[in-house]
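K.L.:
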Amino acid sequence: MAKRVYEVWKGSNKFILGGRLIFGPDAKSLLVTLLLIIAPVVIFCVFVAWHLRHEFSSYNAGYAILVVAIVFTIYVLVLLFLTSARDPGIIPRNAHPPEEEFRYDPSVSIDVGGRQVAANAGGRQTPSLQFPRTKEVMVNGLPVRVKYCDTCMLYRPPRCSHCSICNNCVERFDHHCPWVGQCIGQCNYRYFFLFVSSATLLCIYVFSLSALYIKILMDDYHGTVWKAMKESPASVILMAYCFISLWFVGGLTGFHLYLIGTNQTTYENFRYRADNRINVYNRGCLNNFLEVFCTELKPSRNNFRAFVEEELQRPPPLPTAREIEPDELGGDPRSKVEDDLDIGEDLLKISQRRNIEEIDEDIRSRGSNGPPHNTSEVDSALGSDHRAPTIRSDARHSSWGRRSGSWEIAPEVIGNTNVTEGWEGNAIDQKLAIMSRGLNVFPSGVKHI
Numbered sequence: 001m002a003k004r005v006y007e008v009w010k011g012s013n014k015f016i017l018g019g020r021l022i023f024g025p026d027a028k029s030l031l032v033t034l035l036l037i038i039a040p041v042v043i044f045c046v047f048v049a050w051h052l053r054h055e056f057s058s059y060n061a062g063y064a065i066l067v068v069a070i071v072f073t074i075y076v077l078v079l080l081f082l083t084s085a086r087d088p089g090i091i092p093r094n095a096h097p098p099e100e101e102f103r104y105d106p107s108v109s110i111d112v113g114g115r116q117v118a119a120n121a122g123g124r125q126t127p128s129l130q131f132p133r134t135k136e137v138m139v140n141g142l143p144v145r146v147k148y149c150d151t152c153m154l155y156r157p158p159r160c161s162h163c164s165i166c167n168n169c170v171e172r173f174d175h176h177c178p179w180v181g182q183c184i185g186q187c188n189y190r191y192f193f194l195f196v197s198s199a200t201l202l203c204i205y206v207f208s209l210s211a212l213y214i215k216i217l218m219d220d221y222h223g224t225v226w227k228a229m230k231e232s233p234a235s236v237i238l239m240a241y242c243f244i245s246l247w248f249v250g251g252l253t254g255f256h257l258y259l260i261g262t263n264q265t266t267y268e269n270f271r272y273r274a275d276n277r278i279n280v281y282n283r284g285c286l287n288n289f290l291e292v293f294c295t296e297l298k299p300s301r302n303n304f305r306a307f308v309e310e311e312l313q314r315p316p317p318l319p320t321a322r323e324i325e326p327d328e329l330g331g332d333p334r335s336k337v338e339d340d341l342d343i344g345e346d347l348l349k350i351s352q353r354r355n356i357e358e359i360d361e362d363i364r365s366r367g368s369n370g371p372p373h374n375t376s377e378v379d380s381a382l383g384s385d386h387r388a389p390t391i392r393s394d395a396r397h398s399s400w401g402r403r404s405g406s407w408e409i410a411p412e413v414i415g416n417t418n419v420t421e422g423w424e425g426n427a428i429d430q431k432l433a434i435m436s437r438g439l440n441v442f443p444s445g446v447k448h449i
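Under full-length UniProt numbering, the residue at position 303 of the sequence shown is numbered 303, and the numbers go up by one with no gaps.
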């Protein structure tokens, strides 16, 4: 059964609802963020806003405080959801390296038969399956260097970076936010900023109305601020909580206002702060804000619910730019076959020599009762050149992977049987008979070379 893209996704993301929603690998931290938002709002509605409804009885203004708190909280949660459950701008990774980017590296060597052969031997080049680590592209008339990503097997577009947590290349990568459990990039940066700024406004709203309730209690009881705090400890807790939160979300809002005004990302600001390089993306404060908030959001490049097309495994690219010289391969492959045949002949001679020695011992033992000079006469008649039968190997190179041969006694050896007469001839016949039988007991590795 065909699988969908999200089922075979190589990144670290988590998908729910059949790939309709995508989260980062640390999506559980999103539950902590939800608790930090919902819990103080519930306390505010129960212990502060509910009592304030009687203080503004005209036009039911007291109920408006409660409704605004609830609606504004829902708005913040929606922005959080749009930030964390959305594709931040993931660039689809390639299944194979881009072949057109192969470069020729003269320092590369290849392993041939256990030997390291230089790839540039013979004055020609071979692809090294390596890529230039960087290359330059033009942005607003200025050169910008982009890097090659080994994980995604692509050259990252300008302002793109690889997130080590999500294991994806993200377009216009800003940072990976653990509080939303997602990368912040091209497709969700707008929602992220709206979430942070709205959370800041919600903190200000809760802090202000909690302080107002303390002031009303002071006026009603004609007491001090300490007495009013004792009457509503929830207001004190909310004020302290919102004050601390404002340092984080408020400071983050101010920092991103600066980044938007100068058209930077968090990654670029921290990485290139000391380089004093020209920001080629800065088009002026107004245009920078319009780019973030008034341009149409780019759709996701990934269809996570699409079915994956089965792709045949592609063989590794062959070095078409050159052909390897025979000398680099350790010589002609035929020479290796001939060497093997020579080794087989040597083994055959060794085996023959052993058989001759055994035959000599056998003849000596049988002829011990006869004239002792007969054995030497036989040996002299045979001569040094006829100590072993001549064996011919008619090897057929019919194919590279197969050889066959036939072993037979040369006619010259059989002709030597007429050299001696009488006892000597019988001895030679015995010797040849034993040798012919010995040919059938050669090791299999020698007989079938």
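Using N, Cα and C, we set each Cβ at its ideal position, and we do this for glycine too. Owing to the predicted nature of the structure, the values given are computational and were not obtained by experimental measurement.
(1) Consult DSSP for residue 475 and reduce its assignment to one of helix, strand or coil.
(2) Can you list, in chain order, the residues of its chain whose CB lies under 7 Å from that of residue 458, leaving out five sequence neighbours each side?
(3) To the nearest angstrom, report how far apart Tyr281 and Thr265 are at their CA atoms.
(4) Could you pull out every residue in the same chain whose Cβ sits closer than 8 Å to the Cβ of Glu421, ignoring the five residues on either side in sequence?
(5) Who does Thr134 pair with in a DSSP beta bridge?
(6) Identify which residue in Phe47, Val41, Leu82 has its Cα closest to the Cα of Phe72.
(7) Rounded to the nearest angstrom, what separates Met138 and Leu154 at their Cα positions?
(8) Tell me whether Arg273 is buried or exposed, calling it buried when 16 or more other Cβ atoms sit within 10 Å of its Cβ.
(9) Could you tell me which residues DSSP pairs with Phe307 in its beta bridges?
(10) Please give the ranges of any beta strand (DSSP E) in the region 7–68, keeping only runs that are unbroken, at least 3 residues long and fully inside the region.
(11) Please report the straight-line C-alpha distance between Lys135 and Val146, rounded to a whole angstrom.
(12) So what does DSSP say about Leu209, is it helix, strand or coil?
(13) Going by DSSP in three states, His96 sits in which element: helix, strand or coil?
(14) For Cys163, I'd like the list of residues in its chain whose CB is within less than 7 Å of its CB, leaving aside the five on either flank, ordered along the chain.
(15) In or out: Met239 buried (at least 16 other Cβ within 10 Å) or exposed?
(16) Can the beta-carbon of Ile43 be found less than 9 Å from the beta-carbon of Leu80?
(17) Pull up the distance between the alpha-carbon of Leu34 and that of Thr295, whole angstroms please.
(18) Quick check on Ala395: does DSSP put it in helix, strand or coil?
(19) Which of the three DSSP states, helix, strand or coil, is assigned to Leu297?
(20) In the DSSP assignment, the alpha helix (DSSP H) including Ile244 goes from what residue to what residue?
(21) Can you check DSSP and say which residues form a bridge with Gln182?
(22) Which same chain residues, not among the five before or five after Cys149, have their C-beta less than 7 Å away from its C-beta?
(23) Alpha helix (DSSP H) containing Thr262: first to last residue?
(24) Check whether the Cβ of Ala199 sits closer than 8 Å to any heavy atom of the ligand NAP, and report yes or no.
(25) Can you say whether Glu55 is buried or exposed, counting buried as having 16 or more other CB atoms within 10 angstroms of its CB?
(26) The alpha helix (DSSP H) that contains Phe248, what's its start and end?
(27) Just tell me which of Gly223, Ile214, Leu252, Thr200 has its CA closest to the CA of Ala234.
P.N.:
The structure says:
(1) The displayed coordinates of the chain run from 1 to 449. Any statement about residue 475 would go beyond what the structure contains.
(2) Missing from the structure shown is residue 458; the chain here goes from 1 to 449 and no further.
(3) For this step, residue 281 is matched to residue 281 along the sequence shown. For this step, residue 265 is matched to residue 265 along the sequence shown. Taking the straight line joining both Cα atoms gives about 10 Å.
(4) For the purposes of this step, residue 421 is taken as the residue at position 421 of the sequence shown. The predicted model places Glu421 with a pLDDT of 43, which falls under 50 and marks its position as unreliable, so this point remains unresolved.
(5) Locating residue 134 in the sequence shown gives position 134, counting from the first residue. Lys147, per the DSSP bridge assignment.
(6) The residue you call residue 72 lines up with position 72 of the sequence shown. Taking only the C-alpha atoms, the option nearest Phe72 is Val41.
(7) Position 138 of the sequence shown, counted from the first residue, corresponds to residue 138. Position 154 of the sequence shown, counted from the first residue, corresponds to residue 154. Between Met138 and Leu154, the C-alpha separation is close to 18 Å.
(8) Taking the sequence shown and counting its residues from 1, one reaches residue 273 at position 273. Flag for Arg273 reads exposed.
(9) Here residue 307 refers to the residue found at position 307 of the sequence shown. Its beta-bridge partners are Arg4.
(10) 14–16, 21–23
(11) As a position in the sequence shown, residue 135 is number 135, starting the count at 1. As a position in the sequence shown, residue 146 is number 146, starting the count at 1. Distance between the alpha carbons of Lys135 and Val146 is about 6 Å.
(12) Mapped onto the sequence shown, residue 209 falls at position 209. Leu209 falls in the helix class under three-state DSSP.
(13) Within the sequence shown, the letter at position 96 stands for residue 96. Here His96 sits in coil by DSSP.
(14) As a position in the sequence shown, residue 163 is number 163, starting the count at 1. Excluding residues within five positions, the ones whose Cβ falls inside 7 Å are Val170, Phe173, His176, Cys183.
(15) As a first step, residue 239 is located in the sequence shown; it is residue number 239 there, counting from the start. Met239 is buried by the Cβ-count criterion.
(16) Here residue 43 refers to the residue found at position 43 when the sequence shown is read from its first residue. Here residue 80 refers to the residue found at position 80 when the sequence shown is read from its first residue. Cβ distance not < 9 Å, so Ile43 and Leu80 don't count as in contact.
(17) Numbered from its first residue, the sequence shown carries residue 34 at position 34. Numbered from its first residue, the sequence shown carries residue 295 at position 295. Near 29 Å, if we compare the C-alpha coordinates of Thr295 and Leu34.
(18) Stepping through the sequence shown from its first residue, residue 395 is reached at position 395. At Ala395, the pLDDT of 42 sits below 50, so the modelled position is not reliable; the number obtained from the coordinates is stated separately. In the structure shown, Ala395 sits in coil (DSSP, three-state: anything other than H, G, I, E or B).
(19) Along the sequence shown, read from residue 1 onward, the residue named residue 297 stands at position 297. Three-state DSSP puts Leu297 in coil, outside helix and strand.
(20) As a working mapping, residue 244 is identified with position 244 in the sequence shown. Residues 233–245.
(21) As a position in the sequence shown, residue 182 is number 182, starting the count at 1. Paired residues: Cys177.
(22) Position 149 of the sequence shown, counted from the first residue, corresponds to residue 149. Hits under 7 Å: Arg156, His162, Cys169.
(23) For the purposes of this step, residue 262 is identified with residue 262 of the sequence shown, where counting begins at 1. Per DSSP, Thr262 belongs to the alpha helix (DSSP H) from 251–262.
(24) With respect to the ligand NAP, the structure offers nothing, as it holds no ligand at all.
(25) Your numbering for residue 55 matches position 55 in the sequence shown. Exposed, because fewer than 16 other Cβ atoms sit within 10 Å of the Cβ of Glu55.
(26) Position 248 of the sequence shown, counted from the start, is the residue given in the question as residue 248. Phe248 -> no alpha helix (DSSP H), and no H or E assigned at all.
(27) Against the sequence shown, residue 234 aligns to sequence position 234. Of the candidates Gly223, Ile214, Leu252, Thr200, the one whose C-alpha sits nearest the C-alpha of Ala234 is Ile214.
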